[in-house]
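Notes follow once the structure below has been shown.
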Amino acid sequence: MLRRRLNRLLGGDERRVDSRTIYVGHRPCPATEAFIPPKFCDNRIVSSKYTVWNFLPKNLFEQFRRIANFYFLIIFLVQVIVDTPTSPVTSGLPLFFVITVTAIKQGYEDWLRHKADNEVNKYLVTVLENGQKIRTESEKIKVGDVVEVKEDETFPCDLILLQSSRDDDTCFVTTASLDGESNHKTHYTVPDTEKDLESLNATIECEQPQPDLYKFVGRMHIYKKDQEPAVRSLGPENLLLKGATLKNTQKICGVAVYTGMETKMALNYQGKSQKRSAVEKSINAFLLVYLCILVSKALVCTTLKYVWQSEPGQDEPWYNQKTQREKDTNLYLKMFTDFLSFMVLFNFIIPVSMYVTVEMQKFLGSFFITWDKDFFDPEIQEGALVNTSDLNEELGQVEYVFTDKTGTLTQNNMEFIECCIDGFQYKYRDAGSELDGFCVTDGPVSKLQQKAGREKEELFLRALCLCHTVQVKESPGPGQGQADGLMDQVDGLGLGGEVLRPEEQRGFIASSPDEVALVKGAMRYGFTFLGLESKNMKILNRNNDVEMYELLHVLNFDPVRRRMSVIVRSKSGDTLLFCKGADSSIFPRVRPEEVDRIRMHVERNATEGYRTLCVAYKQLSAEEYAQADAGLREARLALQDREEKLMAVYNQVETGMSLIGATAVEDRLQEEAAETMEALQGAGMKVWVLTGDKMETAKSTCYACRLFQRNTELLELTVRTLEDGGRKREERLHELLLDYHKKAVQDAPPVKAGVTRSWSTANQDYGFIIDGATLSMVLNSSHDSNSSRYKSLFLQICQNCTAVLCCRMAPLQKAQIVKMVKNSKGGPITLSIGDGANDVSMILEAHVGIGIKGKEGRQAVRNSDYAIPKLKHLKKLLLAHGHLYYVRIAHLVQYFFYKNLCFILPQFLYQFFCGYSQQPLYDAAYLTMYNICFTSMPILAYSLLEQHICIEVLLDNATLYREIAKNAMLRWRPFFYWTVLGVFHGLLFFFGVRYLFSNPALQDNGQVFGNWSYGTIVFTVLVFTVTLKLALDTRHWTWINHFVIWGSLAFYVFFSFFWGGIIWPFLRQQRLYFVFANMLSSVSAWLVIILLILLSLLPDILLVVFRKPRGPNARQLSEDSLLQTSDRSCHTTVLQAPEGARVKGSKE
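Numbering (our numbering), first residue to last: 1 to 1148.
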C-alpha cells in the first residue's frame, strides 16, 4: 500500500498503467480511499532551445562541432603556446568574429521563440474554484481544474466538455490551427452531468496522452448520494483540443485532462533541431581534403628540413652557432614544434574567412526574398518572410515536395456546380430565366428537353436539405455576416430571383464545407433549410410552405463507410432514411438499373475534378425502425468495440435503398496551383500530397492540380482495399505491396535521366494512394523484419510514381513520411509546405519548411524556415531564388578554396629555397588582410548579385533546375577542376617571378631586389589575378560589382604604398618600408606582373571570347541556347514552356 502511494506521489503510477484517473475539480469521491492528488505535468509549453544558463556552453559546443571552427581553435592555441612565424592574432581575430556573429544570430532567434512561448503561457484564463471564478495564467492550470472558455477564445489545454451555454448541450469549435480546417465542428457535453458544477462529484478514467488528434477513449463515473455511480462513455466528440477556438457558443466549462507538453497539440510538435544544408556538408568534405594537403605539406617540409640539416655544416653554420639551450632540446620535441610551426605557416590554405563570408551571404541574401515585390500579397498586405537564412541554397536542391491539401492546394471554398436527378443533368442558371431555376443540359437523346418527374426533383432536394449536420446562424445585422471571416454567408437569392430581406439571410455552420455547398445548392432550386429546433428540422419548399421533420438519428460519416445518413419522421408519420456518400459506397446498396442511369454523370464529373456525392433514400417500416433504433442505442453505450458495433448497425440499416441522383461540388484551387505543381514536376521534383482529408476529396484535388493525369493508373493501399480480399489485413497488405512493386518497379521501363513524366502513352504513369491507418501498419508492423521490408517496398513503389497521395494523416504521420524519405538511399533534399498547426511537425522534419500565411492561425509560419503568402509563390522561390542562391554559394565556396591555394602554394615552394627555415614569403600585414580586405568584398558582391541566367528564363524553363540538382556544382569533379586551377596559378606566380629574379639587379642603379620584394611581386600578381578571374566569371554587372572589384584593387595599391611609406612606431621591424614603391620603379617588375596576370587568365579570356553571351543583355541568344540544351536533356521541354519563352524574348 505504502509503495503504491509513493509511486503515485512520484508520478510512477502514471508511467506504469495505460490509463489515468482525474478527479473533477480535485474533489475526493465518496467511494475512494484517502484522496491523494495524482501528479501530472503543468501547462507550460516550451519550444525554445536555450536558457540563460545553458546558452553559452550549449552554443559554443554546437559551434565547435564544425570542423573549421574546431581546427582554428587548435591553431590559435598552438600560436599562443609555441613560438611560430606568425602572430596568434592572424587566426584568433577571424575565429572570434565568426563565433560571436553566429552566437548573436542564434541567440536572437531563440529569444523570439521564448517570447512566443511566454505569450501562450502567460495568457489569462478563468478557472472555477470553490464556486468562484479566478483569473489565472494558462501555465498554472492543473489536470482536474474546471476551466471556463468564452466565445472566440482558444482552449488553453485539452478539456472534457461538461457544460455549454447552448440549449442543445453542444458547442462549436474550429480547429484551423490544428488541422487547417476552418469549418465548425460540433462537440457534445457528457450526458447527465449536474447543471451546478460545484456539486458535481466525478472521476474520469481515460487513456494516457497520445498524439492522434481524432482518437480518444475514456469514461466518466458520476457519483450521487445514495445511488450507484453512473458511468458515461467519452469519445473524441467530448474532447476539446488545445489550440482549437470556441465559436457560436457564448461559453463552455470543461475539465482539464491533458496539460502542457502532454496535450495532443504538443505531442504533435517536433522539437526544432539545427538544420544543416547540403552545401555545408560539402564544405566539410572539401575542408578535410585541404586539411590533408596542409598536413602533408608540413610533413614534407619538416622531413626535408632534417634531411637537409643532416648534411655536414648545414645544421650549424659558422655564422649561426646554436645556444646551449638549443643543443639540450630533445630532437623529437624540436621536430614536433617545427611541424606545428609549418602547420601555422601554411594554415591560411584553410579559409576561416569563408565561414564569415558564407554567414554574411546567407544573412544579406535572405533580404532579397523579403524585398521581392512578386511575393507581396495585396489581400493580406504582406510579403515573404525568412525565419532561417541558413538554408537559402537548399531551395535550389529540392527533390521531394510534401504539401498539405486544405488551405495550401485548395482555398477550402466549396461551390455547388450541378446535379443529376434520375439520369437527367441539371445545371444552375440565373433563376429569373426559368420558373424553378433548373436547366436540363443533357439526358437521353430522345428525351432531350425532358426532366425528371417533379416528385423525384422534390425528393432529391429534400434529401439535400435534410441529410447533413449543418447548423444555421442567423445574421446578427446587415453587413455583419461578411465581417466574420468564418461565417459562410449565403447568396441572398430568393425564389424567382428576388433578393431576400436581411433577416432572412443566413450563415451556415458545418463540419465540412461541402455540406454547406449542398444546402446552398438546394436553396438555389427553391428548397431552403431553416434550421434545427429541439430535434425538429425545418425546410421551406418551393411553394413557400414550411415542412417539419423530426430528426431521429444521425449515422455519422466515417472514412471506411464513406457515407452518412439521417433517419427522420415526417408530419404524416413516415420514417425516412436519407443517405449521401461516395459512389463506390452507395452503388452496391441500391438497385443496379438505377445505377446505370447515373454512373456516366458521376464519372464525367470526377474526371473534371469535381467532388461527387450520390444521394439515396429508403422508407423504413415501423418494425425496421424499431430494430434500428434499439441497435443504435445499445451500440452507443458500449465501452468496448463501440465503433465496430455501430458500423454493424449502420450497414444493416443502409441497404435496399433507392438512388435518386448525384451532386457535383467544386473545391476551389489556390491561384495558379496547377501551374505551380506542373512547374515543380517539370523541374524534376516529386510531389507528395499529405492531408488529413478524405480520400475522394484529396483525389479530385490531385486531378485538378494535374498531379494525376487521366492516363495515370492509381495504386491504392487503403483500409478499403485491405478489407476487399476477405483475408487478414497483414496478409493482404503484403500481397498488395508485392503486386504494386512488380507493376511500378520491376516491370517499369528504366527512366531516362531528367524525364519526370512520360507524355507519350507508351509508358504507364502511376499514382500511389495510401491512408493513415494503412501507413501505420507499414511503418509499425507486428514483425520487425516485416516492418523494414514493407517500408523498403513502399518507398520503392512511391519513388517510381509520378505523384503520391497520403490521406487521413495524423500530424505526426506526416512527419514520419518526410523522415522516411529524407533518410532513404541517396539522402534526397525534402521540402514541406503547409498552412496549419497540423503541418508544423512535417515543416520541422523536412530539410526546408515553408509556411503559407493563410487567413487562419500562424503556427506553420512561426515554425517554418520561409513563409510565403500564396502557393503560387513557391515556383519563383525555388526555380529562381533557389537556383541562383545555390549557384552563387557553390561558386563562392569553390572560389575561396581556389584563391587560398593560389595564396599558400608559393609560400610552400619558397621553403625549398630558404633552407626550410619557416621564413614567410609575405609580410604579416598581407597574410592577415588577404582574406579579410583584399579579396573578400568582390566575392561577397558576386554571391549576392550574380544572375548567370536571368530570372524570366529560369521561370519559363523549369528543366534548368535539373542542371544543378543533386549538388552538381559542389561535387568532386568541379572541386578538382578548381584545385588544379589553383595549383597551376600558384606554380605560375612563383616560378614566373623566380625567372625574373634570375638576374636580381632589376633597378636602373644596379641595386638588387631582396626577398620581401620577391614576395610582394608574387602577392601583387596573386591579388590582381584572383580578382580579375572573378570579374571574368561575372555575367550580371551592377555598379556594386564595379565598385568592389576595382575598389579592392585600388585599395590594395593604396594600402601597400601607405603601409610601406610611413615609419610605424608600434612595429619592432618594418619589413616593407618603401618596398612596394621601389618595386614599381622597375620596368621589368611591371612587365612580369602584367605578363603573369595575362598568362594566368588566358584560358578564361579565350572561354569568354568564344562562348555565346548569356548575360541579361543577351536574353534572346541565351534563351535559344538554353532551350537547345534542355531539349537535348528532356524531350518534354517542347510541351512545357519554350513557346512562351520565345514570345517573351522576341518582344524585347
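All C-beta atoms, glycine included, are put in the ideal place defined by N, C-alpha and C.
Item to complete: Grab the span of the beta strand (DSSP E) containing His553 for me, first residue to last.
Response: Val546 to Leu555
Worksheet item: Can you give the beta carbon distance from Met842 to Leu690, rounded, assuming they're within the 8 Å contact cut?
Response: 7 Å
Fill in: Contact belief for Tyr610 with Val665 at Cβ below 8 Å, rounded distance in angstroms
6 Å
Item to complete: Name the two residues that bound the continuous alpha helix (DSSP H) containing Asn69.
Response: Ile67 to Ile81
Worksheet item: Which term fits His847, buried or exposed, when burial requires 16 or more other beta carbons within 10 angstroms of its beta carbon?
Response: His847 is buried by the Cβ-count criterion.
Practice prompt. Name, in chain order, the residues that DSSP records as bridge partners for Lys686.
Written response: Tyr400
Fill in: For Thr203, the nearest candidate out of Ile22, Cys292, Gly1015 and Asn130 (CA to CA)
Measuring from the Cα of Thr203, the nearest candidate turns out to be Ile22.
Worksheet entry | Complete runs of the alpha helix (DSSP H) confined to the region 348 to 376 [at least 4 residues] | 352 to 371
Discussion item. Which residue wins for smallest C-alpha separation from Val590, given the options Cys914, Gln397, Val566 and Glu654?
Written reply: Glu654
Worksheet entry | Member of Asn1078, Leu921 and Phe1054 whose CA lies at the smallest distance from the CA of Ile904 | Closest option to Ile904, Cα to Cα, is Leu921.
Worksheet item: Between Ile1063 and Phe896, what straight-line distance do the alpha-carbon atoms span, to the nearest angstrom?
Response: 33 Å
Practice prompt. Look at the alpha carbon of Thr189 and the alpha carbon of Leu161, and state the distance between them as a whole number of angstroms.
Written response: Our two residues, Thr189 and Leu161, have alpha carbons roughly 5 Å apart in a direct line.
Discussion item. Which residue marks the beginning of the alpha helix (DSSP H) containing Lys1150, and which one marks its end?
Written reply: Because the chain in this structure spans residues 1 to 1148, residue 1150 falls outside the shown range and cannot be described.
Discussion item. So, under 8 Å CB-CB, Ile833 and Leu874 are touching, yes? Tell me the CB distance rounded to an integer number of Å.
Written reply: About 6 Å separates the Cβ atoms of Ile833 and Leu874, confirming a contact at the 8 Å cut-off.
Worksheet entry | Whole runs of the beta strand (DSSP E) within the region 163 to 214, excluding any shorter than 3 residues | Segments of the beta strand (DSSP E) lying fully in the region 163 to 214: 170 to 175, 181 to 188 and 201 to 207.
Item to complete: Please determine, among Ile509, Ser87, Gly254 and Phe286, the residue with the shortest C-alpha to C-alpha distance to Glu159.
Response: The displayed chain sequence assigns Leu, not Glu, to residue 159. Taking only the C-alpha atoms, the option nearest Leu159 is Gly254.
Worksheet entry | Range of the contiguous beta strand (DSSP E) that encloses Met220 | Gly218 to Tyr223
Fill in: C-beta contact flag for Tyr549 and Asn541 at 8 Å
no
Fill in: Simplified DSSP state of Asp771, which is helix, strand or coil
strand
Worksheet entry | Ordered list of alpha helix (DSSP H) runs contained in the region 854 to 914, each at least 4 residues | 859 to 863, 873 to 876 and 883 to 911
Worksheet item: Shortest alpha-carbon distance to Met657 belongs to which of Asp641, Arg633 and Tyr617?
Response: Tyr617
Worksheet item: Which of helix, strand or coil does DSSP assign to Leu1072?
Response: coil
Discussion item. By the three-class DSSP mapping on this structure, what secondary structure does Asn54 have?
Written reply: Reduced to three states, the DSSP call for Asn54 is coil.
Worksheet item: Applying the criterion that 16 or more other CB atoms from any shown protein chain within 10 Å of the CB defines a buried residue, is Ala630 buried or exposed?
Response: exposed
Item to complete: Taking only the alpha-carbon atoms, compute the straight-line gap between Ser621 and Val687 and give it to the nearest angstrom.
Response: Near 51 Å, if we compare the C-alpha coordinates of Val687 and Ser621.
Item to complete: Determine the contact status of Asn248 and Ile509, defining contact as a CB-CB distance below 8 Å.
Response: yes
Worksheet item: Are there 16 or more other CB atoms within 10 angstroms of the CB of Met809, so buried, or fewer, so exposed?
Response: buried
Fill in: Beta-bridge partners of Gly849, as assigned by DSSP
Ser832
Worksheet item: In the structure shown, what three-state DSSP assignment does Glu1155 receive?
Response: With the chain covering only 1 through 1148, there is no way to say anything about residue 1155.
Worksheet entry | Run of the beta strand (DSSP E) containing Gly581, from where it starts to where it stops | Thr575 to Gly581
Discussion item. For the alpha helix (DSSP H) containing Ile539, name the first residue and the last one.
Written reply: Element bounds for Ile539: not the alpha helix (DSSP H) but the beta strand (DSSP E), Asn536 to Leu540.
Worksheet item: Between Thr403 and Leu871, what straight-line distance do the alpha-carbon atoms span, to the nearest angstrom?
Response: So the two alpha carbons sit approximately 10 Å from each other.
Item to complete: Whole angstroms is fine: what's the gap from Lys752's alpha carbon to Ser864's?
Response: Note that Lys752 scores 46 on pLDDT, short of 50, meaning its location in the model is unreliable; the coordinates nonetheless yield the value given after this. One C-alpha to the other measures close to 34 Å.
Worksheet entry | Minimum C-alpha distance to Leu464 - residue among Ala517, Val472 and Ser48 | Ala517
Worksheet entry | Which listed residue (Tyr223, Asp145, Leu1049 and Met360) has its alpha carbon closest to that of Leu944 | When only C-alpha atoms are compared, the closest one is Met360.
Fill in: His883 to Lys966 span [Cα, whole Å]
12 Å
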